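**Student:** In the numbering used here, the protein residues as written are 1 to 308. Just so you know, even glycine gets a beta-carbon here, dropped at the ideal spot from N, CA and C. On a predicted model such as this, the values are computed, not experimentally measured, just so you know. If you scroll down you'll find the structure; I have some questions about it.
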């Protein structure tokens, strides 16, 4: 068995996980976001009743495989902290740390919508865009600990020879991204980005939920917005499929609640990839709030992979 924690900016979701994915002793506690000592003490307290049981963590951040330092945007207290080493020392047990999008992809590959597939790319269409790449039940390691970061691929490019920012923006939705680049998929495809894209395309300020509802009901302006959204998002995902060869893409996040969006995006992606297939690639994820904890459990060899 494993102790697993899905750590968000507000709460730590904690449970004891059995090899078959059964969860026990599950409960949530507030996340100490501003004090590293309190953060470590909180996890130490959660683990104290289970001496020696390994601790696996899913977190919205990246652990540098060389330095061991963690960069977690929503938990300032642990930025640049060698978290795994500190937790292992204070809790007296082995510790593993994984990115939450990676853990989502692992969980769906082991227990969820992608079970039975060796090559899986998990896609999160939420406030932002995230992803994780799983091969044979393991996350493919990346440079600096980064892999599957579909949201930070610059897919919107300025027209050649144009230098006037206003003229460029009148032609393409080239927006600045929080990562420091411009034109990332995150700037046009996430929920908040969709709201900005709708205004850029000529619409009025609306929530992403309203835009999707209008589009599903045939509204011309929402259809124009979603046409732009679909073009950029399907192109980026087609690149991913061509490079990774993934045979299934479980999709989570708020935007995935629209079955029509997933179906339309799936057709657009299959129209743009090299391999010809009539079988849908995109599937709505099925594990919901359990994905973080179950994915954390899959970070090590303790939770064996069975693609069947």
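What is the rounded straight-line gap between the Cα of residue 195 and the Cα of residue 217?
**Tutor:** By one-based count along the chain shown, residue 195 stands at place 195. By one-based count along the chain shown, residue 217 stands at place 217. Cα atoms of residue 195 and residue 217: separation of roughly 17 Å, rounded to the nearest angstrom.
**Student:** With the cut-off set at 8 Å, would you say residue 254 and residue 126 are in Cβ contact?
**Tutor:** Translated into the one-based positions of the chain shown, residue 254 becomes position 254. Translated into the one-based positions of the chain shown, residue 126 becomes position 126. Cβ atoms of residue 254 and residue 126: closer than 8 Å.
**Student:** Between residue 1 and residue 23, is the Cβ-Cβ spacing less than 8 Å?
**Tutor:** Mapped onto the chain shown, residue 1 falls at position 1. Mapped onto the chain shown, residue 23 falls at position 23. Not in contact: residue 1 and residue 23 (Cβ atoms no closer than 8 Å).
**Student:** Determine the closest residue to residue 101 out of 193, 279, 252, with distance taken between C-alpha atoms.
**Tutor:** Taking the chain shown and counting its residues from 1, the one referred to as residue 101 is at position 101. Answer by Cα proximity: 252.
**Student:** Would you kindly work out how many angstroms separate the C-alpha atoms of residue 26 and residue 297, rounded to a whole number?
**Tutor:** By one-based count along the chain shown, residue 26 stands at place 26. By one-based count along the chain shown, residue 297 stands at place 297. Cα-Cα distance, rounded: 14 Å.
**Student:** Which residue wins for smallest C-alpha separation from residue 128, given the options 186, 84, 87?
**Tutor:** On the chain shown, position 128 is the one that residue 128 refers to. Of the candidates 186, 84, 87, the one whose C-alpha sits nearest the C-alpha of residue 128 is 186.
**Student:** Let me confirm a value: residue 276 is counted as buried when at least 16 other C-beta atoms fall within 10 Å, else exposed. Which label applies?
**Tutor:** Translated into positions along the chain shown, residue 276 becomes position 276. With fewer than 16 Cβ atoms within 10 Å of its Cβ, residue 276 is classed as exposed.
**Student:** Should residue 108 go down as buried or exposed, given a rule of 16 or more other Cβ atoms within 10 Å for buried?
**Tutor:** Numbered from 1 along the chain shown, position 108 holds the residue referred to as residue 108. Result: buried.
**Student:** What did DSSP end up calling residue 176 once you bin it into helix, strand or coil?
**Tutor:** As a first step, residue 176 is located in the chain shown; it is residue number 176 there, counting from the start. Looking at residue 176 - three-state DSSP - the assignment turns out to be strand.
**Student:** What did DSSP end up calling residue 68 once you bin it into helix, strand or coil?
**Tutor:** If you number the chain shown from 1, residue 68 lands on position 68. Three-state result, residue 68: coil.
**Student:** Under 8 Å: do the region 40–48 and the region 61–69 share three or more Cβ pairs, one atom per stretch?
**Tutor:** no
**Student:** By Cβ distance, which residues of its chain are closer than 6 Å to residue 189, with the 5 residues on each side in sequence left out?
**Tutor:** Here residue 189 refers to the residue found at position 189 of the chain shown. Taken in chain order, the residues that qualify are 129, 233.
**Student:** Shorter than 7 Å, the distance from the beta carbon of residue 126 to the closest heavy atom of the ligand HEM, or not?
**Tutor:** The ligand HEM is not part of this structure, which contains no ligands at all.
**Student:** Provide the residue(s) that pair with residue 27 in DSSP beta bridges, ordered along the chain.
**Tutor:** Counting from one through the chain shown, the residue named residue 27 turns up at place 27. In the DSSP output, where bridge partners are listed per residue, residue 27 has 14.
**Student:** May I ask which residues mark the beginning and end of the beta strand (DSSP E) holding residue 111?
**Tutor:** Taking the chain shown and counting its residues from 1, the one referred to as residue 111 is at position 111. Counting along the chain, residue 111 falls outside any beta strand (DSSP E), and DSSP gives it neither H nor E.
**Student:** List the residues that DSSP assigns as beta-bridge partners of residue 119.
**Tutor:** Numbered from 1 along the chain shown, position 119 holds the residue referred to as residue 119. Partner(s): 135.
**Student:** Can you tell me which of 58, 36, 203 puts its alpha carbon nearest to the alpha carbon of residue 86?
**Tutor:** Walking along the chain shown from the start, residue 86 turns up at place 86. For residue 86, the nearest C-alpha among the options comes from 36.
**Student:** Anyone know if the C-beta pair for residue 210 and residue 119 falls short of 8 Å?
**Tutor:** One-based indexing of the chain shown puts residue 210 at position 210. One-based indexing of the chain shown puts residue 119 at position 119. Not a contact, by the Cβ cut-off of 8 Å.
**Student:** Is it true that the region 196–215 meets the region 73–81, where meeting means three or more beta-carbon pairs spaced less than 8 Å apart?
**Tutor:** no
**Student:** Quick one: give me the first and last residue of the beta strand (DSSP E) that residue 4 is part of.
**Tutor:** As a first step, residue 4 is located in the chain shown; it is residue number 4 there, counting from the start. Under the DSSP assignment, residue 4 falls in the beta strand (DSSP E) whose first and last residues are 2–7.
**Student:** By DSSP, does residue 257 sit in helix, in strand, or in coil?
**Tutor:** Translated into the one-based positions of the chain shown, residue 257 becomes position 257. The answer is helix: DSSP assigns residue 257 an H, G or I state.
**Student:** Could you check what DSSP says for residue 73 in three-state terms: helix, strand or coil?
**Tutor:** Position 73 of the chain shown, counted from the first residue, corresponds to residue 73. Residue 73: coil per DSSP, three-state reduction.
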